[in-house]
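Position one of the sequence shown corresponds to residue 6 (the working numbering), numbered consecutively onward.
Ideal placement from N, C-alpha and C gives every residue a C-beta, glycine not left out.
All remarks here apply to the structure that follows.
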Amino acid sequence: MTESNQEGLSNLLHEERRFPPPEALAAQANYTADAYAEADKDRLAFWEKQARRLDWDTEWSEVLDWTNAPFAKWFVGGRLNASVNCVDRHVSAGRGEKVAIHFEGEPGDTRTVTYADLAKLVAQAANALTDLGVGQGDRVAVYLPMSVEAVVSMLACARLGAIHSVIFGGFSAQAIYDRVLDADAKLIITADGGYRRGKVFPLKPIVDEALAKGSTNVARVIVVKRGENEVDWDASRDLWWDDIVGRQPDTHEAQAFDAENPLFILYTSGTTGKPKGILHTTGGYLTQVAYTHHAAFDLKADTDVFWCTADIGWVTGHSYIVYGPLANGATQVIYEGTPDTPHRGRFWEIAQKYGVTLLYTAPTTIRTFMKWGDDIPAQFDLSALRVLGSVGEPINPEAWMWYRRVIGGDRCPIVDTWWQTETGAMMISPLPGVTATKPGSAMKGLPGVSVDVVDDTGTPVPNGGGGLLVLTEPWPSMLRGIWGDDERFRETYWSRFADEGYYFAGDGAKKDADGDLWLLGRVDDVMNVSGHRISTTEVESALVSHPSVAEAAVVGATDPTTGQGIVAFVILRGDAADGGEAMVSELRNHVAKEIGAIAKPRQIMVVPELPKTRSGKIMRRLLRDVAENRSIGDVTTLADSTVMDLISSGLSTAPPED
Ligand code: WTA
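This is the structure in structure tokens:
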């Protein structure tokens with residue numbers, strides 16, 4: 006954790022403010038304080054009860070099989086279909102006319118999809134995929150803008166027992182190629198383009214570029230028409246969605262799959278350059294996303310309008326746009342574009358228009374709105390809001406208070422929810438009808454979740470102490486592995502506290518005097534930029550793949566809006582060092598090309614040397630000091646102690662141009 010986090014901490018832990026739940030909400034809350042006691046008494050019985058909120062074709066014979074730890078099996082022998090649970094069962098229950106999705110396109114076009122409509126769309130897509138030879142266990146890559154078709158594609162895969170691998174629309178051709186190859190996908194669903202900041206951004210052309218990089222087993226590419234941009238066409242491979250899906254019958258008989266049938270792979274950054282394909286399965290995952298969505302938001306499916314502003318390309322979109330809300334039969338809003346298009350009040354205009362009652366967004370977005378000023382949200386009627394959620398990074402108390410006061414009108418509880426791609430669903434969060442919250446604290450594990458903060462030896466720290474966040478018991482939506490790499494799975498998450506059998510999350514945390522939890526950010530080389538996980542090694546690899554770069558070191562520097570910003574230090578080869586700003590901007594674009602625009606360094610500093618220990622390890626701590634404009638810390642372990650002077654005197658920086 007960074008020094009600035011440490012400094013902030015002493016303030017955090019003196020937090021005296023408490024925000025008890027509103028009485029009216031508490032009186033009708035889905036979960037009361039009893040849920041903690043109930044789960045503590047018999048954790049597995051508690052999870053079994055949550056699993057019963059779903060429709061199963063065959064009941065399980067055992068709740069958890071942990072004999073082959075860390076490879077878990079939940080709801081052993083149980084059989085269900087995730088897509089039926091998210092769609093058909095609501096129609097069968099007479100709720101077909103209820104709106105599932107209010108889609109709002111960035112240009113202002115809208116589409117209302119009821120559960121009955123969704124059932125038809127998913128059936129058609131499942132029939133189309135079947136026609137194209139997709140079946141149980143096949144991998145399908147999805148590279149789509151925020152759209153109804155993205156939801157439908159995922160549910161159609163789930164319906165067939167096929168495994169979707171959604172790739173965020175901001176990723177580059179190289180990133181797509183790597184992921185398609187690793188998962189060995191046989192089909193890709195994409196769109197011509199989507200709308201962002203008033204412009205069409207191309208998607209199919211990037212898929213074409215990805216597939217031209219080498220041979221893959223992708224036989225078909227289905228293309229949704231959205232951007233109306235010109236696209237090249239390979240008639241032997243490409244199919245328009247409307248042609249192949251549109252003409253299918255709108256019913257589809259679904260079969261039930263084993264609770265442990267893989268549901269999806271989602272790639273996320275780790276500490277090495279190669280992204281990890283996080284694998285999730287069906288029964289446990291669906292149980293926990295549905296439960297947490299119901300509990301943390303106090304969802305009343307008949308009256309609430311939920312809006313999660315994340316992209317479907319990230320786990321938050323998987324769990325709290327697709328599977329959680331739909332399994333619960335909720336009505337939700339999906340918005341295609343950016344918060345400031347065409348004006349900075351767009352989010353609040355949407356919230357007002359659809360009467361959003363539950364909002365789930367990221368601290369970076371909240372801080373951006375704070376910067377834009379209170380008068381913008383003040384122009385809209387946000388009185389329908391009931392519960393506000395935060396996810397993706399630590400939320401600072403100022404942003405928390407602003408969210409509560411300006412967006413929540415001082416009446417909505419805030420649920421700061423900690424979880425990860427790997428955990429699949431929320432793990433630490435207040436319960437809005439129970440918890441007296443503290444600004445900036447995620448408080449404690451949800452009922453059923455066992456979490457602790459331990460020191461290096463795996464011993465729990467006392468209240469007031471800090472250390473590493475661990476999960477001490479398995480949970481239903483836990484990752485079942487890293488696709489194709491069991492060893493990396495054990496090594497990354499289970500080796501650090503192997504004796505204790507704890508899952509190591511990679512986050513630092515503190516317990517305050519009451520034992521409530523304060524998340525402090527990553528303790529490894531993973532950066533968190535606007536809630537997006539990016540590894541320093543990944544960006545370093547991208548930089549050194551440029552012919553002019555001899556060496557590169559990347560750090561995440563504290564940033565007031567994005568949480569962290571990417572700062573790169575590069576040693577250039579020979580003449581390239583004379584390239585000045587043009588060179589720096591070329592390197593930034595190179596990173597965007599290799600990974601995606603989200604990984605573009607905020608700043609690139611051209612330096613003559615990098616600070617290394619005698620064993621050759623780069624001392625990122627010192628580089629962070631430079632990047633955060635602090636005086637340089639202890640340099641005694643440096644192989645060459647003059648290096649930092651050299652760096653400080655020879656800095657050449659360029660401000661970002663976008
Ligand atoms: C961070 C996103 C503090 C954390 C759901 C974690 C948080 C990483 C919070 C996972 C929070 C997420 N408070 N930190 N409420 N939520 N994080 O996989 O560092 O994209 O390890 O999942 O985000 O990021 P991921």
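Backbone secondary structure at residue i - three-state DSSP
i: PRO27; result: coil
i: GLU556; result: strand
i: ASN594; result: helix
i: LYS617; result: strand
i: LEU268; result: strand
i: ALA105; result: strand
i: MET406; result: helix
i: TYR508; result: strand
i: LEU522; result: strand
i: THR642; result: coil
i: PHE206; result: strand
i: ASP263; result: strand
i: VAL458; result: strand
i: SER158; result: helix
i: SER653; result: helix
i: VAL223; result: coil
i: THR286; result: strand
i: HIS169; result: strand
i: MET432; result: coil
Environment of residue i [buried if 16+ CB atoms lie within 10 Å]
i: ASN222; result: exposed
i: HIS169; result: buried
i: LYS204; result: exposed
i: ARG23; result: exposed
i: ARG391; result: buried
i: ASN468; result: exposed
i: ALA447; result: buried
i: LYS46; result: exposed
i: ASP183; result: buried
i: TRP71; result: exposed
i: GLY517; result: In the sequence as presented, Gly is not what sits at residue 517; that position holds Asp. With 16 or more other Cβ atoms within 10 Å, it is buried.
i: SER97; result: exposed
i: THR541; result: buried
i: VAL531; result: buried
i: THR464; result: exposed
i: HIS348; result: exposed
i: PRO437; result: buried
i: LYS443; result: buried
i: LYS736; result: Beyond the ends of the chain as shown, which are 6 and 663, falls residue 736; an answer cannot be given.
i: GLN337; result: buried
i: ASP630; result: buried
i: GLU543; result: buried
i: PRO616; result: buried
i: GLY414; result: exposed
Near the ligand WTA: residue i beta-carbon under 8 Å from a heavy atom
i: TRP319; result: yes
i: VAL534; result: no
i: GLY526; result: yes
i: GLY397; result: yes
i: TRP423; result: yes
i: HIS298; result: no
i: GLU427; result: yes
i: ALA511; result: According to the sequence as given, residue 511 is Gly; it is not Ala. GLY511: yes, Cβ under 8 Å from the ligand WTA.
i: ALA447; result: yes
i: ILE400; result: yes
i: THR273; result: yes
i: ARG409; result: no
i: HIS537; result: yes
Using 8 Å as the Cβ pair cut-off and three pairs as the minimum, do the stretch 414 to 428 and the stretch 267 to 286 touch? yes
Any contact of the stretch 382 to 393 with the stretch 329 to 341, i.e. 3+ C-beta pairs under 8 Å? no
Kindly confirm or deny that the stretch 285 to 302 and the stretch 489 to 502 touch, where touching means at least three C-beta pairs closer than 8 Å. no
The stretch 80 to 87 contacting the stretch 95 to 114, beta-carbon criterion three pairs below 8 Å: no
If you pair each beta-carbon of the stretch 306 to 317 with each one of the stretch 268 to 279, do three or more pairs fall below 8 Å? no
Counting Cβ pairs, one atom from each stretch, are 3 or more of them under 8 Å apart for the stretch 134 to 153 and the stretch 197 to 217? yes
With three or more beta-carbon pairs closer than 8 Å as the criterion, would you say the stretch 251 to 269 touches the stretch 125 to 137? yes
So does the stretch 584 to 595 actually touch the stretch 607 to 619, counting three or more Cβ pairs closer than 8 Å? yes
I want to know whether the stretch 204 to 217 touches the stretch 172 to 192 - three or more CB-CB distances under 8 Å. yes
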